[in-house]
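Q: A single structure is presented below for examination.
2 protein chains.
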Amino acid sequence: MGNDDALNLENEIGFALYACSKGWIQKYSPVLERLNLTYTSYLTMLALWEQDKISVSELGKKLYLDSGTMTPLLKKMEKQGFISRDRSEFDERVVFIQLTEKGRALHKQATKLLSTLKESLGTMENNSWAEGLKQLLPKLYLK
Amino acid sequence: MGNDDALNLENEIGFALYACSKGWIQKYSPVLERLNLTYTSYLTMLALWEQDKISVSELGKKLYLDSGTMTPLLKKMEKQGFISRDRSEFDERVVFIQLTEKGRALHKQATKLLSTLKESLGTMENNSWAEGLKQLLPKLYLK
DNA sequence: TACAATTCTATTGTATACAATTTTTTTAAA
DNA sequence: TTTAAAAAAATTGTATACAATAGAATTGTA
Numbered sequence: 001m002g003n004d005d006a007l008n009l010e011n012e013i014g015f016a017l018y019a020c021s022k023g024w025i026q027k028y029s030p031v032l033e034r035l036n037l038t039y040t041s042y043l044t045m046l047a048l049w050e051q052d053k054i055s056v057s058e059l060g061k062k063l064y065l066d067s068g069t070m071t072p073l074l075k076k077m078e079k080q081g082f083i084s085r086d087r088s089e090f091d092e093r094v095v096f097i098q099l100t101e102k103g104r105a106l107h108k109q110a111t112k113l114l115s116t117l118k119e120s121l122g123t124m125e126n127n128s129w130a131e132g133l134k135q136l137l138p139k140l141y142l143k
Numbered sequence: 144m145g146n147d148d149a150l151n152l153e154n155e156i157g158f159a160l161y162a163c164s165k166g167w168i169q170k171y172s173p174v175l176e177r178l179n180l181t182y183t184s185y186l187t188m189l190a191l192w193e194q195d196k197i198s199v200s201e202l203g204k205k206l207y208l209d210s211g212t213m214t215p216l217l218k219k220m221e222k223q224g225f226i227s228r229d230r231s232e233f234d235e236r237v238v239f240i241q242l243t244e245k246g247r248a249l250h251k252q253a254t255k256l257l258s259t260l261k262e263s264l265g266t267m268e269n270n271s272w273a274e275g276l277k278q279l280l281p282k283l284y285l286k
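If you want it as structure tokens, here you go:
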């Protein structure tokens, strides 16, 4: 007993999360590439498909990303034609992000392309523990 | 039913892992900063404290990182004086990483500094589900 | 109403990550 | 044993992330 406190890789929940998260992203990436999305821009599209016309900071809160990450990401997505960035008329500090027609259209393609991947991961997700993970992990959002 | 397949942020285990992993790293970072370590170099030190004198590729396998990440990271850690990088005499392709005295000495300081953090996180880890997480997450290492 | 504090986005600087390629060395095969 | 294939590390290019700071706009307050 007490040995659980020792510093080592296997003991670190943090390492498990880190490795796991990267692995998961790598499973998605080749599929997302066909949609010209990275994992981060995919998450951004997910957030926008749920709630369109949202400020940069609100979007960042949803995704746990700050303006230093969001600004260049959104500029790139604008250049790709998925979104528009427009400064609010009422408060010039605020920039609203909106899906373009192309951005909205991507939803259908994404659903289609990801369904196969989701099915194969689904065989994992259907394991008893996966539902548990979905509920446990948010408790660890530490920030 | 069926609605679980819908594309949205809350449904994505991947997003939960991603957010959770980042949050965890941010809890560690301020403490690690006092040791002049980033989270990645901390993981590297953990691996080396467990097994000293190891090749770059073996180290990368342990940490799930490729040479494109390892090489600059290790060069920086060498400059900091934590490790040495020496090409193998038997196979000139291989570079062995070894802890310096300073690198070994860091173990004690790390244990001390992290104990407080680990205690406060420990109250979380002691929850019934934390032990489960430790066992479940490795099953998701997809690469 | 001046002006201090706050808010929001953008910028700068540093540190990861990984795919793809290159270089050097070693191994395997014809 | 020449030559093709493989292996290991390094390099190049692209994409994140986040801390710290800056700059512009807005809000709160004396």
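Top line first, the protein sequences correspond to chains A and B.
Counting in our numbering, the first sequence runs from 1 upward without gaps.
Counting in our numbering, the second sequence runs from 144 upward without gaps.
Glycine included, C-beta positions come from ideal geometry on N, C-alpha and C.
#1: Say whether chain B places a C-beta atom closer than 7 Å to the C-beta of residue 134 (chain A).
#2: Between residue 164 (chain B) and chain A, is there a C-beta pair that is closer than 7 Å?
#3: Using a Cβ-Cβ cut-off of 7 Å (strictly less than) and excluding sequence neighbours within five positions of residue 52 (chain A), which residues of its own chain qualify?
#4: Does residue 41 (chain A) pass the burial test, meaning 16 or more other C-beta atoms within 10 Å, or should it be called exposed?
#5: As an exercise, report each continuous beta strand (DSSP E) stretch of at least 3 residues that is fully enclosed by the stretch 32–95 of chain A, in chain order.
#6: Beta-carbon within less than 6 Å of residue 103 (chain A)'s beta-carbon, same chain only, minus the 5 sequence neighbours each way: which residues are those?
#7: The stretch 28–54 of chain A: which residues have C-beta closer than 8 Å to a C-beta of chain B, in chain order?
#8: Using only alpha-carbon positions, find the residue among B:217, B:178, B:150 and B:155 that is nearest to residue 256 (chain B).
#9: Closer than 7 Å, CB to CB, is residue 105 (chain A) near chain B or not?
#10: Closer than 7 Å by C-beta to residue 106 (chain A): which residues in its own chain qualify, once you throw out the five before and the five after it? Chain order, please.
#11: When the Cβ atoms of the stretch 168–176 of chain B are set against those of the stretch 50–70 of chain A, are three or more pairs found closer than 8 Å?
#12: Does residue 100 (chain A) have its Cβ less than 7 Å from a Cβ in chain B?
#13: Under 8 Å between beta-carbons, which chain A residues line up against residue 150 (chain B)? List them in chain order, please.
#14: Using a beta-carbon distance below 7 Å, is residue 17 (chain A) in contact with chain B?
#15: Quick one: Cα of residue 203 (chain B) to Cα of residue 75 (chain A), how far?
#16: Residues in its own chain within less than 6 Å of residue 230 (chain B) by CB, not counting five upstream and five downstream?
#17: How would you list, in chain order, the residues of chain B whose beta-carbon sits under 8 Å from the beta-carbon of residue 62 (chain A)?
#18: How is residue 242 (chain B) classed by DSSP in three states: helix, strand or coil?
#19: Out of curiosity, what's the CA-to-CA distance linking residue 205 (chain B) and residue 253 (chain B)?
#20: Report yes or no: is there a C-beta of chain B within less than 7 Å of the C-beta of residue 137 (chain A)?
#21: So, residue 85 (chain A) versus residue 78 (chain A), is the Cβ gap smaller than 7 Å?
#22: Taking its Cβ as the centre, do 16 or more other Cβ atoms sit within 10 Å of residue 287 (chain B), making it buried, or is it exposed?
#23: For the stretch 219–233 of chain B, which residues have a CB atom closer than 7 Å to at least one CB atom of chain A, in sequence order?
#24: Using a C-beta cutoff of 7 Å, does residue 14 (chain A) count as contacting chain B?
#25: What three-state label does DSSP hand residue 253 (chain B) in the structure shown?
A: In this structure, then:
#1: Against the first sequence, residue 134 (chain A) aligns to sequence position 134. Answer yes: the Cβ-Cβ gap between residue 134 (chain A) and chain B drops below 7 Å somewhere.
#2: Start at 1 with the first residue of the second sequence, and residue 164 (chain B) comes out as number 21. Against chain A, the CB of residue 164 (chain B) has a partner CB under 7 Å away; the residue lies at that interface.
#3: Along the first sequence, read from residue 1 onward, the residue named residue 52 (chain A) stands at position 52. Taken in chain order, the residues that qualify are 98 and 99.
#4: Reading the first sequence from its first residue, position 41 is the one you call residue 41 (chain A). Residue 41 (chain A) is buried by the Cβ-count criterion.
#5: Restricting attention to beta strand (DSSP E) runs no shorter than 3 residues, the stretch 32–95 of chain A encloses them at 83–87, ordered along the chain.
#6: Taking the first sequence and counting its residues from 1, the one referred to as residue 103 (chain A) is at position 103. Shown here for residue 103 (chain A): same chain residues with a beta carbon closer than 6 Å to its own, the five before and five after excluded, namely 82 and 83 in chain order.
#7: Against chain B - using a Cβ distance shorter than 8 Å - the residues of the stretch 28–54 of chain A are 28, 39, 43, 46, 47, 49 and 50.
#8: Here residue 256 (chain B) refers to the residue found at position 113 of the second sequence. Ranking B:217, B:178, B:150 and B:155 by Cα distance to residue 256 (chain B) puts B:178 first.
#9: Here residue 105 (chain A) refers to the residue found at position 105 when the first sequence is read from its first residue. With 7 Å as the cut-off, residue 105 (chain A) does not count as an interface residue toward chain B.
#10: The residue labelled residue 106 (chain A) in the question sits at position 106 within the first sequence. 35, 45 and 82, listed in sequence order.
#11: No, the stretch 168–176 of chain B is not in contact with the stretch 50–70 of chain A.
#12: For the purposes of this step, residue 100 (chain A) is identified with residue 100 of the first sequence, where counting begins at 1. Using a CB distance cut-off of 7 Å, residue 100 (chain A) does not count as an interface residue toward chain B.
#13: Locating residue 150 (chain B) in the second sequence gives position 7, where the first residue counts as 1. Chain A residues near residue 150 (chain B): 46, 49, 107, 110, 111 and 114.
#14: Within the first sequence, residue 17 (chain A) is the residue found at index 17, counting from 1. Interface residue, yes.
#15: Locating residue 203 (chain B) in the second sequence gives position 60, counting from the first residue. Locating residue 75 (chain A) in the first sequence gives position 75, counting from the first residue. The straight-line gap from Cα to Cα measures roughly 34 Å.
#16: Locating residue 230 (chain B) in the second sequence gives position 87, counting from the first residue. Correct list, in chain order: 238.
#17: In the first sequence, residue 62 (chain A) corresponds to position 62, counting from 1. Neighbours of residue 62 (chain A) across chain B, judged by C-beta separation under 8 Å: 152.
#18: In the second sequence, residue 242 (chain B) corresponds to position 99, counting from 1. If DSSP states are grouped into helix, strand and coil, residue 242 (chain B) belongs with the strands.
#19: Position 62 of the second sequence, counted from the start, is the residue given in the question as residue 205 (chain B). Position 110 of the second sequence, counted from the start, is the residue given in the question as residue 253 (chain B). Straight-line Cα distance between these residues: approximately 20 Å.
#20: Taking the first residue of the first sequence as 1, we reach residue 137 (chain A) at position 137. Yes, residue 137 (chain A) lies at the interface with chain B (some Cβ there is under 7 Å from its Cβ).
#21: Taking the first sequence and counting its residues from 1, the one referred to as residue 85 (chain A) is at position 85. Taking the first sequence and counting its residues from 1, the one referred to as residue 78 (chain A) is at position 78. Closer than 7 Å, so yes.
#22: Nothing can be reported for residue 287 (chain B), as the shown portion of chain B is limited to 144 through 286.
#23: For the stretch 219–233 of chain B, no residue has a beta-carbon sitting nearer than 7 Å to a beta-carbon of chain A.
#24: Looking up residue 14 (chain A) in the first sequence gives position 14. Among the residues facing chain B, residue 14 (chain A) is included, as its CB has a counterpart in that chain under 7 Å away.
#25: Here the question's residue 253 (chain B) lines up with position 110 in the second sequence. Here DSSP, grouped into helix, strand and coil, assigns residue 253 (chain B) to helix.
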